[in-house]
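To start, the structure under review is shown below, and the notes come after it.
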Amino acid sequence: MAKKNPKSLNKKEENLAPHTEDGADQFLTTNQGLRINDNQNSLKAGERGPSLLEDFILREKITHFDHERIPERIVHARGSAAHGYFQVYKSMAKFTKAGFLTDPARQTPVFVRFSTVAGSRGSTDLARDARGFAVKFYTDEGNYDLVGNNMPVFFIQDAVKFPDFVHAVKPEPDNEMPQAASAHDTFWDFISLMPESMHMIMWVMSDRAIPRSYRMMEGFGIHTFRFINEAGKGCFVKFHWKPLLGVHAVAWDEAQAISGKDPDFHRRDLWNAIENGDYPEYELGVQIVPEADEHKFPFDLLDPTKIIPEEVVPVQRIGKMVLNRNPDNFFAETEQVAFHPGHLVPGIDFSNDPLLQGRLFSYTDTQLSRLGSPNFHEIPINRAVSPVHNNQRDAHMRQTINRGNTAYEPNTIGGGCPFQAKIADGGFSSYEERVDGHKVRARSRSFFDHFSQATLFYESQSEAEKTHLVNALRFELGKVTVTDIRIRMLGLLSQVDKSLAARVAEGLGLKVPAKPEQPINHSIPADGDPAKFQPKVVPQQVKTSPALSMANTVKDTVKSRMIAFLVADGVSFDDVNDMKSALLKAGAQVQLIAPRLGAIKTSGKALEADERLPATSSVLFDAVYIPKGAGSAATLKASPEAIHFINEAYKHCKAIAADGEGAEVLKASYVPVDDKDPAVIINGKPAAFIKAVAQHRYWEREAKGGVPA
Ligand code: HDD
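My numbering numbers the first residue of the sequence shown as 2 and each following residue consecutively.
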């Protein structure tokens, strides 16, 4: 592992970590500060006698241990996080008065937690799932949380359906299976009755659900929010995070292998990148819609199952977030961080999106159960850097020692303090929106177009992406045991795209139903008239949106990509060196993989192997290089692990390069060496390999048929 980050805390960060301790050069003590003389033995009546109840040191230690676990998050339990900062490029004062978006000189500290949704804390990072992308900005005006996902839409339109959705996707309640997977009956049963989920289903069945890295995925605030400027004028806003490394995925077969080989793949990748100084960077993007345009779209801005296509309202990139410090302690920071879409600052406000409105209740409630006290804001990672003064008092684990005898407002005894802030002094006031309506449990008809944007997404995918989506649906529905659920799903898919449904049906050995069941009937109120609840189809402003395809992402960098060099005794020192220096110069990482650990004899100086072939796997790398050297090539050719490594890398559409005798090893594999595959480079220059790696994957290779790897 490379250098450790220097941990220099600035003032704001110190505020966030007032209780850090590393125990260096300190005596071991009890929690009361008593120095411990023997941490090896409990107190006994005689060396061979029973332990004594009197042993308060033993009891304190065991009691603390017994209570070490807190309830895991109900959703998003599995996560990893990092510290960093956000800085706006230029003032956005025209739209918002939020200080962190108007002052380009200001670096606002952030803590970002990435997560999967369905799995438990110990589940694999590579599950097919949406990823949480939650950002806490410690602004001078208070904490602002942007609690989003790596997909811009959601499964349901109203928060009242959230527990149903989560119960359906979680392991089934009778046997607690499957873990971190949506490929089971209850999830698809629910989805097959929930046509509003079809747009999100396109996203989670796409490669967006199996990212290569947290550093290579987009983030979205999903809901439409509101910006408010100094003059009190509002506009609508959608938030985006754009990763500077581009948006990249792994193959599904690869994701499943990674889940076994290294279930911490994303966590490790994030941690290592930061330790290596490859700081993840994302630009904050906004789509701004003037209030006057609220009703000019063929969908409702309040509907969280819809996007505003970037081609209709461009994403303005307004600032950059850099993640440059790993947490010191997973539990204290990553586990105890408490996000809440209701943590707002002046200049930003909610819209009436009914999913968002429900979330505004849920997050505080969940922290009460998870962190156990309304004082969760006092935990260092949750503390605001701006001062906190109010009359809230006491409760479990209160840390603040409030002075004085007034804990009410108004008061005179305390000099009237703390007092309310005028708007001019940064006091928050909700956006004054006129609301006039009947008290109803209802959904607006403007939310009833469940298919048009699912179609838009599917139509915007490249051929390879479409095939991945079809295969994902075949995989998932193939795990469903109730045929009726599969048929209902085919009926829904046929309303997204006929050819999509036909391809999925073929894999399932079923026929697309001629007349899809109208499952909306299942999701209407008991007294609802089914005729009034039929989905409608509204033509969209664009037929395709290139921004929705990962094929159109950033493909000009190999920064932080992991390249495997397959080597054995007899490898050419110069060849290894030349390729390695070119790759390192371009920002990639290189590991030498050999049949055994230790020194590798070369034509020059001996080289040290980083990993043993049998202990690693091609799925943990982005590309493979086989250097010159007759002895090395002969050993690798005869190694089943080396051949499997190459075949698998080829199968997963990775760039492969070989030089000199290294090409002989390729000939022993399934890689067609004389084929015109732009990502198989034989005796080419390092620059050609680097260019191929930067493309990420040559997915078109899959159309040529698979290889047995
Ligand atoms: Fe949620 C956690 C994102 C809808 C209720 N949610 C949670 C996290 C993320 C999201 C990223 C993890 C935060 C962290 O890292 O600690 N949730 C979303 C998005 C949604 C969404 C993007 C839709 C657009 N969520 C949603 C609804 C509800 C919840 C509709 C309930 C009505 N979410 C929760 C929760 C969690 C949570 C139960 C679990 C742990 C936590 O809050 O702190 O309250």
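Yeah, the Cβ is synthetic: ideal placement off N, Cα and C, and Gly gets one too.
The C-beta distance from A455 to H200 rounds to 4 angstroms, short enough to meet the 8 angstroms contact threshold. Short note on L345: C-beta not closer than 7 angstroms to any heavy atom of the ligand HDD. For G320, no alpha helix (DSSP H) encloses it; the enclosing beta strand (DSSP E) starts and ends at Q317 to R326. Boundaries of the alpha helix (DSSP H) harbouring A274: F266 to E276, taken from the DSSP string.
Closest in alpha carbon position to P388, among Q368, P419, Q358 and A119, is P419.
The way I'd put it, the segment 246-266 does touch the segment 647-667; three or more beta-carbon pairs between them come closer than 8 angstroms.
Restricting attention to F331, N32 and M398, the CA atom closest to the CA of T64 is found in N32. Look at Q496 here: in three-state DSSP terms it is helix. Distance from the CA of V248 to the CA of M551, rounded to the nearest whole angstrom, comes to 6 angstroms.
Distances taken from the Cβ of L356 to the heavy atoms of the ligand HDD include one shorter than 7 angstroms. Using a cutoff of 7 angstroms, the CB of A160 counts as near the ligand HDD, since one of the ligand's heavy atoms is closer than that. Comparing alpha carbon positions, the residue from I229, A274 and P264 closest to L246 is A274. The nearest non-hydrogen atom of the ligand HDD is 7 angstroms or more from the C-beta of H84.
Here V76 carries a coil assignment [DSSP, helix/strand/coil]. Taking the Cβ atoms as the reference, I202 lies roughly 6 angstroms from I192, within the contact range of under 8 angstroms. Spatial neighbours of Q590 in its own chain (CB-CB distance under 6 angstroms, excluding positions within 5 residues in sequence) are listed in chain order as M563. The nearest non-hydrogen atom of the ligand HDD is 7 angstroms or more from the C-beta of I682. E312 and P244 have their C-alpha atoms spaced approximately 19 angstroms apart. For the segment 65-144, the continuous beta strand (DSSP E) assignments of 3+ residues that do not extend past its boundaries occur at 80-89, 109-117 and 132-140, in sequence order. Of the candidates N40, K162 and H653, K162 places its Cα closest to the Cα of Q358. The segment 337-344 makes contact with the segment 365-376; the number of CB pairs closer than 8 angstroms reaches 3 or more. In the three-state scheme derived from DSSP, where H, G and I count as helix and E and B as strand, P291 is classed as strand. The segment 75-86 and the segment 105-114 touch, with three or more beta-carbon pairs separated by less than 8 angstroms. Checking the 7 angstroms criterion, the Cβ of F112 is out of range of every heavy atom belonging to the ligand HDD.
Contact between E665 and A634 holds: CB atoms are separated by about 5 angstroms, below the 8 angstroms threshold.
For Y699, there is no enclosing beta strand (DSSP E), as DSSP marks it with neither H nor E. Residue range G235 to P244 is occupied by the beta strand (DSSP E) that includes G235. Contact annotation: A408 and R394 have beta-carbon atoms nearer than 8 angstroms. Looking at the DSSP output, A624 shares a beta bridge with I564 and A656. For Q590, the secondary structure class from DSSP, reduced to helix, strand or coil, is strand. Proximity of the beta carbon of V76 to the ligand HDD is indicated: a heavy atom of the ligand is located closer than 7 angstroms.
Taking 7 angstroms as the cut-off, the C-beta of S124 does not count as close to any heavy atom of the ligand HDD. No Cβ-Cβ contact shorter than 8 angstroms links I594 with A639. Residue pairing from DSSP places L608 in a beta bridge opposite I601.
Rounded to the nearest angstrom, the gap between the Cα atoms of Q27 and E61 is 19 angstroms. Using a 10 angstroms sphere on the CB of G220, the tally of other CB atoms reaches 16 or more, which defines it as buried.
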